[in-house]
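Colleague: What the sequence shown shows, in mature numbering (1 follows the signal peptide of the UniProt record, and there is no 0), is residues -43 to -1, 1 to 552, in sequence order.
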Amino acid sequence: MGTPMPGGGRHRRRIRIALPVAAAGAAAAVTAALLTTSAGAAAALPQPPVRPATSSPSLAELEKRIAGAMSGDDTAGRTSKASLSADTGPSRIDPKIIGGTETTISTAPWMAQLHYYDKRGTSTTSDDIGFFCGGAVVAPTKILTAAHCVKGYNWNANGVVVTGTSELPSDGGTDLHGGVAKPVLRQWSHPSYNATTIDNDIALLTLPEPVRATPIRMTTSGDTASYQAGTSAKVYGWGRTSSTSDDISETLKTATLPIQSDTTCAGAYGSDFVKGHMVCAGKPATGSDTGTTTACNGDSGGPLVVNNRIVGVVSWGVTDCVAKGAYSVFSKVSTYVGAAYPRVDDTNINGDHRADLWVRNASTKTGYSKNSKGTSFDARESWGDWGGVNLLLQADLDRDGYQDVVYRRSSDGDVFWGSGRTGATRQIADNWKTRTRIITPGDVTGDYLPDLLSVDSAGVMWIYPGKGDGTFAPRVQVGSGWNQYNSVRGHGDFTGDGKTDLIARSSSGGYLYLYKGTGKAGSGAFSARVKVRTWDGYNAFDAPGDVTGDGKADFLARTPGGTLYLYAGTGKATSEIFATRMSVGTDFEQYDIFG
């Protein structure tokens, strides 16, 4: 792998790849009152609406896109960035694996092929755009890749993601060799991506339905060990296998590369290498294929893996990848996990990646959803009668990309999960009448699977580690003292480090505290609390997630007079954790449940 790779040749084997050059307390597993049985019939349960499935292109259309991508000769994210061989002119976005070995999908089940073909609405082929990138499944509906593979392209209209195979498609895209082709629902690239410098080169594609491929996790924001010079890392891809040919590998390849220090990388690339944003790996190229092991064209967007976690995304390199002294350059995932992780958990009611509001009218007991418009909410939409519950929370417990709800029945305290995809309802907890808090914050334990928290009548908080299918492992104690708060809320990452946090307000004094998530279970799940605000003028709170769509978790607070304020998250773990409040409505005194 090396510079960002070009697209592809005009026949199957010459496809070119795009790649621009807490609380204290003993942890205890206890017998949980958590169930996985179907809902009982104590009282009629409200029925959450099912979000209509998005229309998907036909298999024939997907095959057409694949065929076009494989015959294309374009380079995703073509850039003017100069490389090590700057004296030869602008480098081309062009990576591949040279000097690696073939591997199987069972060794890298999370690998994904990204095929892009845009006919441009014309009858001629001269203006067609076709290219190929790599990617990695980081959640059932999420593909991590490079921004230069995504930015400026309409993946929903023109893209295909293939998973579950180590072989590239053949026979005009009709033979996937056991793989599965999916369209793309929506795309996200880092808002600060710079196509000239190839900085902030990271992106995520969201699929309309889950794939069966086993996900791989991104590394954490605090990971430094994986980037120590000499650390052994593995890169994966289908890119070029020689600097003298545009042919790419029909079978997935891997290569082992040593991580290089920032000093070494900067010595090779000067100011082109952005310390903290990029990492380079491999031994210095020899000037030819012989003795060189590197990424190259077609590997763009693929993962660099250490200890089964993604630490880098193939970003750029030098033209033809083997210039003497060159290294493969990757986006440094530890820097970007804070921005990328919220996109893994960006499911919301209407599916537009901005968190929505759910409320219930206190007198009529009618539930309503209000879709976020970024800094305001749309007119409410009725969900019908929700009079039999006293709590509702939004969550995606099975990571299928559809917003689910978790709610508690008033009569007996039983807790239910309602699927936003199928409408099926399942009881998940029995007799939680005395639980003072129930929270669905997302992934607390660091395994990318949504967890459930509750606080019992004694003030003890418990984590119920999610299994990703709406069921949970035995509960683990976080700590005690949580009943000193009259609100404990959380949905997502408030601090920008890629870990799920909590916001708690004290009953006395109205002090607002941040409990920063650590990505661990048990008593170490949250760091010691940090006082971030004094909020004594509110009587209701909500944390639905990222309301503004900027990748940072936001917060909502209501005054006794009924004004609802949006506090947009800043990603800072300080008193500046929220931006200046903005009003999003003045008639919210009518609602008694915020979810």
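Beta carbons are placed, not taken as given, at the ideal position from N, Cα and C, and that holds for glycine.
If you're wondering where the values come from, they're calculated on a predicted model, not measured in any experiment.
1. The alpha helix (DSSP H) with Leu164 in it runs from where to where?
2. Could you spell out the range, first to last residue, of the beta strand (DSSP E) harbouring Val301?
3. Between the C-alpha atoms of Arg143 and His72, what's the straight-line distance to the nearest angstrom?
4. Rounded to whole angstroms, what is the Cα-Cα separation between Ser123 and Lys210?
5. Round the Cβ separation of Trp419 and Leu406 to the nearest angstrom and send it over; I've been treating them as touching at under 8 Å.
6. Taking 9 Å as the cut-off, decide whether the C-beta atoms of Leu523 and Asp511 are in contact.
7. Going straight from the alpha carbon of Asp44 to that of Glu166, what length do you get?
8. Quick check: Ala103 and Ala160, are their CB atoms within less than 9 Å of each other?
9. Inspect the beta-carbon positions of Arg366 and Val372 and report whether they are closer than 9 Å.
10. Quick one: grab the DSSP three-state call for Leu314.
11. Just how far apart, CA to CA, sit Ala1 and Tyr364?
12. Whose CA, out of Val262, Pro422, Arg490, lies closest to the CA of Arg538?
13. With DSSP as the reference, label Ile23 as helix, strand or coil.
14. Smallest Cα separation from Asp219: which of Val236, Thr208, Lys327?
15. Under the three-state reduction of DSSP, which class applies to Ala514: helix, strand or coil?
16. Does Asp361 come out as helix, strand or coil in the three-state DSSP assignment?
17. Would you call Ala(-15) buried or exposed, if buried means 16 or more other Cβ atoms sit within 10 Å of its Cβ?
18. Quick check on DSSP: helix, strand or coil for Gly344?
19. Going by CA-CA distance only, name the one from Glu207, Gly479, Arg462, Ser465 that's closest to Pro126.
20. What are the uninterrupted segments assigned as beta strand (DSSP E) that are 3 or more residues long and contained completely in the region 379 to 424, given in chain order?
21. Please classify Thr(-7) as buried or exposed, where buried requires at least 16 other C-beta atoms within 10 Å of its C-beta.
22. Below 7 Å CB to CB, which residues in the same chain sit around Leu133 once its five sequence neighbours on both sides are set aside?
23. Whole angstroms are fine: how far does the CA of Gly416 sit from the CA of Thr393?
24. Taking C-alpha atoms, which residue in Val401, Tyr325, Tyr442, Gln441 lies nearest to Pro422?
25. Exposed or buried, Leu16, counting other C-beta atoms within 10 Å across all chains shown (16 or more means buried)?
26. DSSP three-state call for Tyr226: helix, strand or coil?
27. Exposed or buried, which one is Val346 when buried takes at least 16 other CB atoms within 10 Å?
28. Do Arg300 and Trp145 have their C-beta atoms closer together than 9 Å?
29. Just tell me which of Asp499, Glu18, Lys327 has its CA closest to the CA of Thr131.
30. Could you tell me which residues DSSP puts in a beta bridge with Leu16?
31. What is the C-beta distance between Ser444 and Phe483, in whole angstroms, given that I count them as a contact (C-beta under 8 Å)?
32. Looking at the structure shown, is Glu124 part of a helix, part of a strand, or coil, going by DSSP?
33. Tell me which same chain residues have a C-beta within less than 6 Å of the C-beta of Asn307, skipping the five on either side of it?
34. Among Gly109, Asp544, Trp195, Ala212, which one has its Cα closest to the Cα of Asn318?
35. Tell me the DSSP bridge mates of Gly474?
36. Regarding Ser146 and the ligand FAD, is the C-beta to nearest heavy atom distance less than 8 Å?
Modeller: In short:
1. Careful: Leu164 lies outside any alpha helix (DSSP H) and carries neither H nor E.
2. No beta strand (DSSP E) contains Val301, which is instead part of the alpha helix (DSSP H) from 290 to 301.
3. So the alpha carbons of these two residues sit roughly 15 Å apart.
4. 9 Å
5. No, Trp419 and Leu406 are not in contact; Cβ-Cβ is about 16 Å, not under 8 Å.
6. yes
7. Note that Asp44 scores 27 on pLDDT, short of 50, meaning its location in the model is unreliable; the coordinates nonetheless yield the value given after this. Between Asp44 and Glu166, the C-alpha separation is close to 47 Å.
8. yes
9. Yes.
10. strand
11. 13 Å
12. Arg490
13. helix
14. When each option's Cα is compared against that of Asp219, the closest is Val236.
15. Strand at Ala514.
16. Correct three-state label for Asp361: strand.
17. Only weak support is given to the placement of Ala(-15): the predicted model assigns it a pLDDT of 32, under 50, and the value that follows is read from those uncertain coordinates. So Ala(-15) counts as exposed.
18. coil
19. Glu207
20. 382 to 386, 394 to 399, 408 to 412, 418 to 421
21. Note that Thr(-7) has pLDDT 42, beneath the 50 cutoff, so the model's placement of it is unreliable and no number is given.
22. Val119, Thr122, Pro126
23. 8 Å
24. When only C-alpha atoms are compared, the closest one is Val401.
25. exposed
26. helix
27. Val346 should be labelled buried.
28. yes
29. Among Asp499, Glu18, Lys327, the Cα nearest to that of Thr131 is on Glu18.
30. Beta-bridge annotation (DSSP): Leu16 is not paired with any residue.
31. Not really, about 16 Å apart at Cβ, beyond 8 Å.
32. strand
33. Counting only Cβ-Cβ distances below 6 Å, and skipping sequence neighbours, we find Asn328.
34. Asp544
35. Phe483
36. This structure simply doesn't include the ligand FAD, nor any ligand for that matter.
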